[in-house]
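Asks: Residue numbers (the working numbering): 10 to 224.
Yeah, the Cβ is synthetic: ideal placement off N, Cα and C, and Gly gets one too.
#1: Which stretch, first to last residue, makes up the beta strand (DSSP E) that contains residue 82?
#2: Which residue marks the beginning of the alpha helix (DSSP H) containing residue 205, and which one marks its end?
#3: Name the two residues that bound the continuous beta strand (DSSP E) containing residue 130.
#4: Does DSSP put residue 40 in a helix, a strand or coil?
#5: What distance in whole Å lies between the Cβ atoms of residue 157 and residue 12, which are believed to be in contact at a cut-off of 8 Å?
#6: Skipping 5 residues on each side, what residues in its chain have a beta carbon closer than 8 Å to that of residue 194?
#7: In the DSSP assignment, find the unbroken beta strand (DSSP E) run with residue 16 in it and report its ends.
#8: To test your reading of the DSSP string, which unbroken beta strand (DSSP E) runs of 3 or more residues are found completely within the stretch 78-123?
#9: Per DSSP, what are the beta-bridge partners of residue 61 in this structure?
#10: For residue 201 and residue 153, I'd like the C-alpha separation in whole angstroms.
#11: For residue 138, is the classification buried or exposed, using 16 other Cβ atoms within 10 angstroms of its Cβ as the cut-off for buried?
#12: Which residues share a DSSP beta bridge with residue 70?
#13: Who are the near neighbours of residue 48 in its chain, counting only those whose CB is closer than 8 Å to its CB and skipping five residues on each side?
#14: What's the gap between the Cα of residue 27 and the Cα of residue 38?
#15: So residue 79 and residue 146 are in contact, right, with Cβ under 8 Å, and what is the actual spacing, rounded?
#16: So what's residue 224 in DSSP terms, helix, strand or just coil?
#17: For residue 114 versus residue 64, is the C-beta spacing smaller than 8 Å?
#18: Does DSSP put residue 181 in a helix, in a strand, or in coil?
#19: Helix or strand or just coil, what does DSSP make of residue 218?
#20: Applying the 10 Å Cβ sphere with the 16-neighbour rule, what's the burial state of residue 77?
Here it is, written out as structure tokens:
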């Protein structure tokens, strides 16, 4: 099903067949997709991103659609990848206090911390490198013209449909089906969480800190 079809479908589910709240439904689909993506790190929400690290740099920005960093590696000019240890910001400052000084510690970046969407690392890069980030991320929002469907509207349509229906409760009013939809969504999410656990890469190191939930 595509985005336009889902808007019509949701309208039928809540007995709004004349298009009177299609604009509300359209926006709610986008918002509900966003909420689902934060809850379950499904396989199609995990990708690798590459960022150039220039000689002399001590930080880089990561895309704002990333939810959580799962792993980071740095690649040198020979094509060899090395792991980067995630540390607390205070630890990074303690180890590399002269990162931005006139005579900083330089070398291949070995440690990093995340503050918002900024990755800070040390020591200061002594050459050009490539940062490889494995991340749990959001998909682009659905549109009627350029991004008309995605995995939520095809493979995992039921999860998105029930999430939208529940999120439209304010417009539906006192509908006895809402309780049924909530139970159905609960079961679907449990299945998806199990699928996410089953497909989790063995040995993947999840970087855990208060600053890495980038919602």
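Replies: Working from what's here:
#1: 75-84
#2: 186-207
#3: 127-131
#4: Correct three-state label for residue 40: helix.
#5: 5 Å
#6: 168, 171, 172 and 175
#7: Secondary structure note for residue 16: it is in no beta strand (DSSP E), and the uninterrupted alpha helix (DSSP H) holding it is 12-22.
#8: 90-92
#9: By DSSP's assignment, residue 61 forms a beta bridge with 139.
#10: About 27 Å.
#11: buried
#12: 127
#13: 198.
#14: 18 Å
#15: 10 Å between Cβ atoms; not a contact.
#16: Caution is warranted here: a pLDDT of 36 is assigned to residue 224, below 50, making its placement in the model unreliable, and the coordinate value is therefore given only provisionally. Reduced to three states, the DSSP call for residue 224 is coil.
#17: No, the Cβ-Cβ distance between residue 114 and residue 64 is not below 8 Å.
#18: helix
#19: Confidence at residue 218 is low in this model, with a pLDDT of 43, below 50, so its placement is unreliable and the value that follows should be read with caution. Coil.
#20: buried
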